[in-house]
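Numbering-wise (this note's numbering), the sequence shown opens with residue 370 and increments by one. Report on the following structure.
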Amino acid sequence: MVQSMTGYGKAVAEFSDKKITVEIRSLNSKSLDLNTRLPFLYKEKELEIRKLLSEKLQRGKVDFSINTESNAVNKAQQINPEIIKAYISEFKQIVPDASDAELLTIVMRLPDVMTFTCKEIEEDEWNQAVEMILKAIENLTQFRLDEGKVLEQEFIQRNNSILNLLEQVEPFEKERIETLKERFIKNLGELTTEYDQNRFEQELIYYLEKLDITEEKVRLKNHCEYFLQTLSGEEFSGKKLGFITQEIGREINTLGSKSNHSGMQKLVVQMKDELEKMKEQVLNIL
């Protein structure tokens, strides 16, 4: 089933005197690009968190955060008044007119304004946090699946549009051959010198064979059908779908170069437009 790389997942739980909030946001990326924001006590668990996210999320630019809010006085965390005063003093030298209240709002976000007496996270709290991480990942995955369903319908529509345009090529294909024959005969009729009729026919056949698009039509149809098979059959199909769209593009370009007919060229342009829109969305598929 198709998954988008764009998604959002959140999980919240109460533990002892804390409220733990886990949030995950993801966007498209060629590989897993993971950014984590963790409270002080969770820093020691960063490698475990990264490993868990890597196993579950596969690809995407992922922003992960854990936030803890104390429901009571947290003895493990205390204000460092000397650091706060020093920060405010330095800011006042830069912005003399700023009030202490305004500066305090900024200073409280800076490093070292809080001191921690607790060195390690409690095992029960960590187990609760892991459950919340897994729950947030589950919610993110569901978001991705929902987005994927929308993208899947768009892919099917645009893929079918290319196939429909390919069917419209056939009438122009026959017409252009007759037009080319008539043009060659007319030009030869204007010649004042003799020419070999058999040689002319051989050269005409050779030229028309070079313009034949039967193979390109068959390959283009096969690629489009393979795209739909991959879309419905593989869980993580983004990269493979990207390769298939490249092959579809090659066949469409060859059709355009061999067309020699304005009507066919217009159809080719429409095919390219549909394909470009498919390529843009393929970049967002997991």
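Glycine is no exception: its CB is placed at the ideal position from the N, C-alpha and C atoms.
Check the DSSP bridge columns for S395 and list the partner residues they point to.
As a working note, residue 395 is residue 26 in the sequence shown. S395 pairs with G376, V431.
How many angstroms separate the CA atom of I464 from the CA atom of L479?
The count along the sequence shown starts at 1 and reaches residue 464 at position 95. The count along the sequence shown starts at 1 and reaches residue 479 at position 110. Looking at the sequence shown, residue 464 is not Ile but Val. The straight-line gap separating the alpha-carbon atoms of V464 and L479 is approximately 17 Å.
Does the separation of the CB atoms of I582 and F596 fall below 9 Å?
Residue mapping note: residue 582 aligns to position 213 of the sequence shown, counting from 1. Residue mapping note: residue 596 aligns to position 227 of the sequence shown, counting from 1. No.
Could you check if E521 is buried or exposed, using at least 16 other CB atoms within 10 Å of its CB as the buried criterion?
The residue you call residue 521 lines up with position 152 of the sequence shown. It counts as buried.
Does C593 have its Cβ less than 9 Å from a Cβ in chain C?
In the structure shown, chain C does not exist; there is a single protein chain.
Measure the CB-CB distance between E489 and I389 and report whether it falls below 9 Å.
As a working mapping, residue 489 is identified with position 120 in the sequence shown. As a working mapping, residue 389 is identified with position 20 in the sequence shown. Going by C-beta atoms, E489 is not nearer than 9 Å to I389.
State buried or exposed for S373, treating a residue as buried only when at least 16 other CB atoms are found within 10 Å of its CB.
As a working note, residue 373 is residue 4 in the sequence shown. It counts as buried.
Rounded to a whole number of angstroms, what is the C-alpha to C-alpha distance between T510 and Q462?
For the purposes of this step, residue 510 is identified with residue 141 of the sequence shown, where counting begins at 1. For the purposes of this step, residue 462 is identified with residue 93 of the sequence shown, where counting begins at 1. Cα-Cα distance, rounded: 49 Å.
Compare the C-alpha of V476 against each of V638, I448, E500 and name the closest.
Working through the sequence shown from its first residue, we reach residue 476 at position 107. Of the candidates V638, I448, E500, the one whose C-alpha sits nearest the C-alpha of V476 is I448.
Any contact of the segment 630-646 with the segment 541-551, i.e. 3+ C-beta pairs under 8 Å?
Cβ pair count under 8 Å is three or more, so yes.
Please list the terminal residues of the continuous alpha helix (DSSP H) segment that includes D493.
Here residue 493 refers to the residue found at position 124 when the sequence shown is read from its first residue. Note, D493: alpha helix (DSSP H), 492-536.
Continuous alpha helix (DSSP H) stretch holding N716: start and end:
In the structure as shown, the chain starts at 370 and stops at 655, and residue 716 therefore has no counterpart that could be examined.
According to the neighbour-count rule (16 or more other Cβ atoms, all chains shown, within 10 Å of its Cβ), is T474 buried or exposed?
Walking along the sequence shown from the start, residue 474 turns up at place 105. T474 comes out exposed.
If you count every other CB in all the chains shown that lies within 10 Å of the CB of F612, and 16 or more means buried, which is it?
What you label residue 612 is simply residue 243 of the sequence shown in a count that begins at 1. By the 10 Å Cβ count, F612 comes out exposed.
Measure the alpha-carbon distance for E536 versus K590 and round it to whole angstroms.
On the sequence shown, residue 536 is found 167 positions in, with the first residue counted as 1. On the sequence shown, residue 590 is found 221 positions in, with the first residue counted as 1. For E536 and K590, the distance between alpha carbons rounds to 10 Å.
Please look up how many angstroms separate the CB atoms of L652 and V371, rounded, as I've assumed it's under 8 Å.
Position 283 of the sequence shown, counted from the start, is the residue given in the question as residue 652. Position 2 of the sequence shown, counted from the start, is the residue given in the question as residue 371. Contact flag wrong, Cβ pair sits at about 13 Å.
Which two residues bound the contiguous alpha helix (DSSP H) that contains L403?
As a first step, residue 403 must be located in the sequence shown, where it is residue number 34. Taken as a continuous stretch (DSSP letters only), L403 belongs to no alpha helix (DSSP H), being part of the beta strand (DSSP E) at 401-406.
Return helix, strand or coil for F384, following the three-state DSSP convention.
Within the sequence shown, residue 384 is the residue found at index 15, counting from 1. Taken through DSSP and simplified to helix, strand or coil, F384 comes out as strand.
Nearest-angstrom Cα distance between S439 and E471?
What you label residue 439 is simply residue 70 of the sequence shown in a count that begins at 1. What you label residue 471 is simply residue 102 of the sequence shown in a count that begins at 1. Using only the alpha carbons, I get a separation of about 24 Å.
Which residue's Cα is closest to the Cα of I393: D469, A380, E539?
Translated into positions along the sequence shown, residue 393 becomes position 24. Among D469, A380, E539, the Cα nearest to that of I393 is on A380.
Closest Cα partner of S434 within the set S395, R527, P450:
On the sequence shown, residue 434 is found 65 positions in, with the first residue counted as 1. Checking every option, the nearest Cα to that of S434 belongs to S395.
Looking at R428 and K399, is the spacing between their C-beta atoms short of 9 Å?
As a working note, residue 399 is residue 30 in the sequence shown. As a working note, residue 428 is residue 59 in the sequence shown. Contact check for K399 against R428 passes: the beta carbons are separated by less than 9 Å.
So, at 7 Å on beta carbons, what are the nonlocal neighbours of Q634 in its own chain, with the 5 sequence-adjacent residues on each side left out?
In the sequence shown, residue 634 corresponds to position 265, counting from 1. The beta carbon of Q634 sits closer than 7 Å to the beta carbons of G625, S628 from its chain, once the five residues preceding and following it are set aside; these are given in chain order.
Could you tell me the distance, in whole angstroms, from the CA atom of T375 to the CA atom of K414?
Locating residue 375 in the sequence shown gives position 6, counting from the first residue. Locating residue 414 in the sequence shown gives position 45, counting from the first residue. Rounded to the nearest angstrom, the two C-alpha atoms are 26 Å apart.
Tell me the DSSP secondary structure of N629 in three-state form.
Within the sequence shown, numbered from 1, the residue matching residue 629 stands at position 260. In this structure, DSSP gives N629 a state outside helix and strand, which the three-state scheme calls coil.
Boundaries (first-last residue) of the alpha helix (DSSP H) holding L473:
Looking up residue 473 in the sequence shown gives position 104. If you look at L473, you'll find it in the alpha helix (DSSP H) that goes 469-476.
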